[in-house]
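Taking it in order: structure first as structure tokens, then the write-up.
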Amino acid sequence: MGSLVSLAPGVHYLPGAVNSLVVEDGRGGALLVDTGLDDGHARKLLRGLTELNLMPTGILNTHSHADHHGGNAFILKKFPELKVFAPPLEDAVITHPILEPITLFGARPPRELQSKFLLAPPSPARLAPEPGLTRIGGAVVELLEVAGHASMMYAVRVGEVLYAADALFGPDALAKHPLTFCADSAFQKEAAARLGELEGVRVTLPGHGDPTPDLTGLVAANLAAYARTTAAVLEAVQVGAAGVDDLLARVCGALGITMDSAGAVVLNRAVVSAHLTELLEDGQVHMKVHGNRLLFVAGA
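The UniProt record's numbering puts the sequence shown at residues 1 to 300.
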């Protein structure tokens, strides 16, 4: 059995902590969509191509989180002529990966926040085509805008196959990470709902999790998880005015989360901040400065 698993004729994926999609161009080449966290995943991806007598013709990163483009550098060492494509904003972070931990920490990040999980090797990304049907690396794909989990992100559709990237997570990933990462929780919900309206999708592959024929069920599970986070953040504010770090501790207590690393704290802190922004815009929460602290208070 080969490393790559077939989803449809000419469409395969490499299972892993992060899934990679492989789309054949019909001429012995293949577009690689997301390259995983590190050299180990990238090596398996190239081995899978070799087993199918395919050559990589291009790389598309759906967004700039390190676990989706960390394998770029290894692949580019083997195939330096490959072009790397990514959505707007995300291309800048892939080219300059230090922007990811800087954004999370708010300043030059300490060494503990410069692990491979938050800081991938740089690769020269360029702007991907706008959403719609397009050809990348010789392969024909449909790009769908699904911002929310990241500032910008593309899902990829190839006929009856939908690679949702991190707009949708598998059930195990949702259970493992109750605070599902997002840059914009309102957009995250809208993106998941839009994917649920697609017709003719036979199999959906999330960025993290197993392929499923049940797009509707997967969307419902994700929307429920996102709504639970918003409710938990609102309930934390309703306990009493507090800053983001105190609210994060309250939310983790309510959801049974134990954080044991600086990386987990800054990631989950960003999630709470995103949902606070959504609640602010909905008028359910407001901000005030008191005692030199930025506080969030329930009510308009």
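Cβ coordinates follow ideal geometry from the N, Cα and C atoms, glycine included.
Residue i by DSSP, collapsed to three states: which one?
i: residue 301; result: Residue 301 is absent from the model: the chain starts at 1 and stops at 300.
i: Thr258; result: coil
i: Leu118; result: coil
i: His68; result: helix
i: His275; result: helix
i: Glu24; result: strand
i: Ile75; result: helix
i: Leu168; result: coil
i: Gly48; result: helix
i: Thr103; result: helix
i: Leu60; result: strand
i: Ala125; result: strand
i: His41; result: helix
i: Ala298; result: strand
i: Ala150; result: coil
i: Leu267; result: helix
i: Val251; result: helix
Count the other CB atoms, across all protein chains shown, that sit within 10 Å of the CB of residue i; report buried if there are 16 or more and exposed otherwise.
i: Val84; result: buried
i: Arg111; result: exposed
i: Pro124; result: exposed
i: Glu130; result: exposed
i: Leu60; result: buried
i: Val289; result: exposed
i: Val239; result: exposed
i: Thr57; result: buried
i: Thr230; result: buried
i: Asn222; result: buried
i: Thr216; result: exposed
i: Arg47; result: exposed
i: Leu294; result: exposed
i: Asp172; result: exposed
Is the separation between the beta-carbon of residue i and that of residue j shorter than 7 Å?
i: Val23; j: Ala139; result: yes
i: Ser64; j: Leu45; result: no
i: Leu279; j: Leu234; result: yes
i: Leu118; j: Ala66; result: yes
i: His96; j: Gly71; result: no
i: Val161; j: Val141; result: no
i: Ala270; j: Leu168; result: no
i: Arg250; j: Ala236; result: yes
i: Ile94; j: His69; result: yes
i: Ala73; j: Pro121; result: yes
Could you pull the start and end residues of the alpha helix (DSSP H) that residue i belongs to?
i: Thr229; result: 215-239
i: Val93; result: 90-95
i: Arg111; result: Per DSSP, Arg111 belongs to no alpha helix (DSSP H) and is neither H nor E.
i: Ala191; result: 185-196
When every heavy atom of the ligand FMN is checked, does at least one fall within less than 6 Å of the C-beta of residue i?
i: Gly29; result: As for the ligand FMN, it is missing from this structure, which has no ligand bound.
Just curious, the beta strand (DSSP E) that residue i is in, first and last residue?
i: Val18; result: Per DSSP, Val18 belongs to no beta strand (DSSP E) and is neither H nor E.
i: Gly29; result: 29-33
i: Lys288; result: 285-290
i: Gly132; result: 132-136
i: Phe85; result: 84-86
i: Ala8; result: 5-8
i: Pro206; result: 203-206
For chain C, find out if any of its Cβ atoms is closer than 7 Å to the Cβ of residue i; answer yes or no.
i: Leu119; result: Among the protein chains of the structure shown there is no chain C, as only one such chain exists.
Q.
Any contact between the stretch 179-199 and the stretch 150-169? By contact I mean 3 or more CB pairs, one from each, below 8 Å.
A. A contact exists between the stretch 179-199 and the stretch 150-169.
Q. Taking contact to mean at least 3 C-beta pairs separated by less than 8 Å, is the stretch 240-260 in contact with the stretch 193-205?
A. With the cut-off at 8 Å, the stretch 240-260 and the stretch 193-205 do not touch.
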